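In this note's numbering, the protein residues as written are 264 to 1114.
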């Protein structure tokens, strides 16, 4: 039926005329209803709330609505490693929030008294959909004045209206709308199943969007005895609302873990693929059973066929085996590792029998996949799936094509053509620049909508936004921005849950006092994703300075970003941070394909070509295919403090972090004029982390420092705990002067001056099968001397007693720093501990270091 608005006849000034008018209206309505019985399409309704005596008023939900519960929202707005503060995997907390749509029926008292009509007992029809004309709407019938909807998509605008017949006449509300927030994951409620969520809705590191409603991960649909776990209501949701056509079962067949079921609980017409994986299949610790390889290959075969979509996949609780498969899918589609890991940890909101943390997987399949060649995580995953798993490239390409919405740079929203237009923007609107504009004064205080520069330029003397939590893209910023203090960036002073795509800054930014100066953002929290962003301006601060984001307390993702502007900081104290991309980040970091060619100059303590300091424990830090060619200069008169400089990162402190450097290169000159000791490094000046991977990295830049402790490719710090110290040497520690160790016959690495064996122990075991590391305890030896005099170096062979968990070393004759010959011996070096992996720069061999 078509409902149209009919204004009430003009009100008369006396009671007689008013009563006559109402009688006429009733007669007209009776005629309309009679006609509608013959021709329903001409049914007309009151909806003009300003004139109608009967009104259905839809209550506003606000412009943006979260699909997550309060507890889930708190986690998503905090550090991803803090999952244990919110959920421990022992109770069902994974369901999304229910969104309540409410309305009121208002009847003028005089009209109600005259006509005798009432809204009591009325039946309402709620139209709810994603198009304003309701062509795709679901229609719900209720006698209540509210209705709950759930399982909504991310970053999607929904429209709704209410229709009812009251007193024999039809009425409808005005159309209301709201937009769901874009913060993933899109968790779902399916009755009887735990841990259900869509992998879609995320922005990839190429700016594409993962399609929603295509691939869904979840817990089991039936028990191991074959009895059904999902309810009838859940089946209806899966079939009719989510439209599932295929189910992938990952549970084992060998012990009948999946109950011998041969068809989907969703119905015989739903494809059922049994692709079992072993419990340990999520580990991928260098060995991966042929059955698991075959099953993973089968998963991608299923996902490569359009007729199988939408697809659900699961193991028992939708966490470990399901998590490994999800990692492969999400990484193949180009999602950031931060989003992938948060999606994995989100399983703790489900009833999964116990908690999961980053340490559960950090040195397992993420590390295994990163061993493969490739400049990005997506490229590495592609090669892993193709070369190791055996998925044909045609299938991988099709999975990507079927599940991505290509980046759309076409402008949409309301046009902005002047300073006045810009300053009057609504904080949640969608806008695009129609031409270049200049902002002589003022800025937008808060914005969490979408702003498309449309290839145009804003020239300004102030940051465009005070607080930015939306999407900005295709924009260039020019001008001169200066402040005596604060958190300043050309784009935004502060940001939270921020996405920037193809934003370029050419403005100079200067903060003469405290605190932060960033090329684009001064200070960001929760998460920030910047893709194809550049800084060409000079960024200067008396404290902290960086080319893209100065200070980050949350999850930072930088992809294909560049800086060639000069970065300058001159803090009054040496504890401050300077970097080509980011000065300091507390939280997980992923940088891939980023470049710095700008000069970075600081008198602070932490200076890096891309990052000054990447801090915080128990998070993932992944640096892939990044390069510095800019000159780094650090100098301070304080002789009491050490300084840390690195071509890529100055200081990496992570405790239980899992850190990866892959395909990184420094060709820039690194110079220290510091009064205290300076640790220089081509890749990372200082690393203190329990698990490190360095592969395919190189340093071609020169390093110089009058007080430097060393000039090295990498500086890695291992500090054994007190409990492990007893397994070292009982006598006085051996003092080695500039101990050098080389892996195989390639790559030389040097430990600090006057290394103490007890504090800087090296223990090695090669994953390639060559369980050896060359150790030179005597300084000044040439490569020829080492080769000709094995007694001076020797091969230290290692093996582990699995029952006792201790590492033993078979040490040949060699000399210590004092020239004393150390006889062959067997020595207990330590218990099993967290691994550190160092890769040869040229060969693919990986060597395990434990401490």
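All residues carry an ideal CB built from backbone N, CA and C; glycine is no exception. Bear in mind that the values here come from a model prediction, so they are computed numbers and not experimental data.
Taking all protein chains shown into account, decide if residue 500 is buried (16 or more other Cβ within 10 angstroms of its Cβ) or exposed.
buried
Whole angstroms is fine: what's the gap from residue 432's alpha carbon to residue 561's?
59 Å
Would you kindly report the start and end of the unbroken alpha helix (DSSP H) that includes residue 562?
553-566
Using 8 Å as the cut-off, can you tell me whether the segment 657-672 makes contact with the segment 558-577, which would need three or more C-beta pairs spanning the two stretches below that distance?
yes
Considering only residues of the segment 565-620, which uninterrupted alpha helix (DSSP H) runs meet the minimum length of 4 residues and lie entirely inside it, listed in chain order?
584-595 and 600-608
Cα-Cα separation between residue 341 and residue 838, rounded to whole angstroms
26 Å
Where does residue 780 fall in DSSP's three states?
strand
Enumerate, from N- to C-terminal direction, the unbroken beta strand (DSSP E) stretches of 3 or more residues contained entirely within the segment 830-875.
830-832, 840-842, 845-849, 852-855, 863-865 and 869-871
Here's a check: name, in chain order, each residue in its chain whose Cβ is nearer than 8 Å to the Cβ of residue 539, leaving out the five neighbours to either side.
512, 513, 514, 515, 516, 517, 520, 521, 554 and 558
In this structure, how does DSSP classify residue 728 when only helix, strand and coil are distinguished?
strand
Look at residue 873 and residue 859 and say whether their C-beta atoms are less than 8 Å apart.
yes
Which of the three DSSP states is assigned to residue 411 in this structure?
strand
With DSSP as the reference, label residue 502 as helix, strand or coil.
helix
Quick check on DSSP: helix, strand or coil for residue 330?
coil
Can you give the Cα-Cα distance for residue 879 and residue 850, rounded to whole angstroms?
6 Å
Write down the C-beta distance between residue 828 and residue 842 rounded to the nearest angstrom, noting that I regard them as a contact closer than 8 Å.
Their Cβ separation, rounded to whole angstroms, is 12 Å, which puts residue 828 and residue 842 out of contact at 8 Å.
Nearest-angstrom Cα distance between residue 884 and residue 423?
43 Å
For residue 524, I'd like the list of residues in its chain whose CB is within less than 7 Å of its CB, leaving aside the five on either flank, ordered along the chain.
485 and 489
For residue 804, which option in 650, 840, 445 and 916 has the closest C-alpha, if you only look at C-alpha atoms?
840
According to DSSP, is residue 640 helix, strand or coil?
helix
Looking at the secondary structure, which residues open and close the alpha helix (DSSP H) in which residue 633 lies?
628-633
Straight-line Cα distance separating residue 741 from residue 228:
The displayed coordinates of the chain run from 264 to 1114. Any statement about residue 228 would go beyond what the structure contains.
Between the CA atoms of residue 413 and residue 403 - distance to the nearest angstrom
13 Å
Do you know how far the Cα of residue 813 is from the Cα of residue 682?
27 Å
By the 10 Å Cβ neighbour count, where 16 or more other Cβ atoms means buried, how is residue 542 classified, buried or exposed?
exposed
Assuming contact is defined by CB atoms lying nearer than 8 Å, are residue 915 and residue 889 in contact in what I supplied?
no
Does any residue of chain D have a CB that is nearer than 8 Å to the CB of residue 798?
Included in the structure is just one protein chain, with no chain D present.
Any idea which residues DSSP pairs residue 755 with across the strands?
728 and 784
Give the DSSP-derived three-state secondary structure of residue 623 in the structure shown.
helix
Can you tell which of 788, 821 and 467 has the C-alpha that lies nearest to the C-alpha of residue 798?
821
Find the nearest neighbour of residue 458 within the set 375, 371 and 357, judged by alpha-carbon distance.
357
Helix, strand or coil, according to DSSP, for residue 542 in the structure here?
helix
Look at the alpha carbon of residue 537 and the alpha carbon of residue 567, and state the distance between them as a whole number of angstroms.
16 Å
Thinking residue 676 and residue 695 are a contact (beta carbons under 8 Å), I'd like their distance in whole angstroms, please.
5 Å
Distance CB(residue 887)-CB(residue 949) smaller than 8 Å
no
In terms of residues, what are the limits of the beta strand (DSSP E) holding residue 717?
713-723
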